[in-house]
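In my numbering, the protein residues as written are 17 to 128. A virtual CB, placed ideally from N, CA and C, is assigned to each residue, including glycine. Treat the numbers as computed from the prediction; the structure is a model and nothing was measured.
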């Protein structure tokens, strides 16, 4: 698997865990995500599919290109604000990887 696909796969998994955690708490859905959260996950995955940075991708909150529409960007921000700190306990490896990635030094990224 190429490095770019591996990074995007990890990003997809992280977002899915965060959305499931949020949905389980606020929408009382223990086994499946509600329709709204499923739509958010599908939207996030679509945005990852079209990320122009590929293997050089960093966290979306630090990206110079904001490809999420404002409403979805606010919704995913709320989800991540809730789920992020809790991931350290429920999914420590994924949580710490995301935290270090988020806190990492951001270089100026140019599209190739």
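With 16 other CB atoms within 10 Å as the buried threshold, where does residue 66 fall? Within the chain shown, the letter at position 50 stands for residue 66. Looking at its Cβ environment, which holds fewer than 16 other Cβ atoms inside 10 Å, residue 66 is exposed.
Could you spell out where the alpha helix (DSSP H) holding residue 105 opens and where it closes? Here the question's residue 105 lines up with position 89 in the chain shown. Element bounds for residue 105: 86-106.
Could you check whether residue 27 and residue 57 sit closer than 7 Å to each other, using their CB atoms as the reference points? For this step, residue 57 is matched to residue 41 along the chain shown. For this step, residue 27 is matched to residue 11 along the chain shown. No, these two residues do not count as a Cβ contact at 7 Å.
Expressed to the nearest angstrom, what Euclidean distance is found between the alpha-carbon atoms of residue 106 and residue 82? Along the chain shown, one-based indexing puts residue 106 at 90. Along the chain shown, one-based indexing puts residue 82 at 66. Answer to the nearest angstrom: the Cα atoms are 29 Å apart.
Exposed unless 16 or more other CB atoms sit within 10 angstroms - verdict on residue 87: As a working mapping, residue 87 is identified with position 71 in the chain shown. So residue 87 counts as exposed.
Compare the C-alpha of residue 85 against each of 50, 62, 69, 72 and name the closest. Your numbering for residue 85 matches position 69 in the chain shown. The candidate whose alpha carbon is nearest that of residue 85 is 62.
Run of the alpha helix (DSSP H) containing residue 61, from where it starts to where it stops: Within the chain shown, numbered from 1, the residue matching residue 61 stands at position 45. Run containing residue 61: 51-65, per the alpha helix (DSSP H) assignment.
Less than 8 Å between C-beta atoms, sequence neighbours within five positions excluded: which residues of the same chain meet that for residue 113? By 1-based counting over the chain shown, the position of residue 113 is 97. 26, 30, listed in sequence order.
Relative to the C-alpha of residue 104, which candidate in 23, 22, 33 has its C-alpha closest? In the chain shown, residue 104 corresponds to position 88, counting from 1. Nearest of 23, 22, 33 to residue 104, Cα basis: 33.
Straight-line Cα distance separating residue 89 from residue 1: In the structure displayed, the chain extends from 17 to 128; residue 1 sits before or after that span and is not available.
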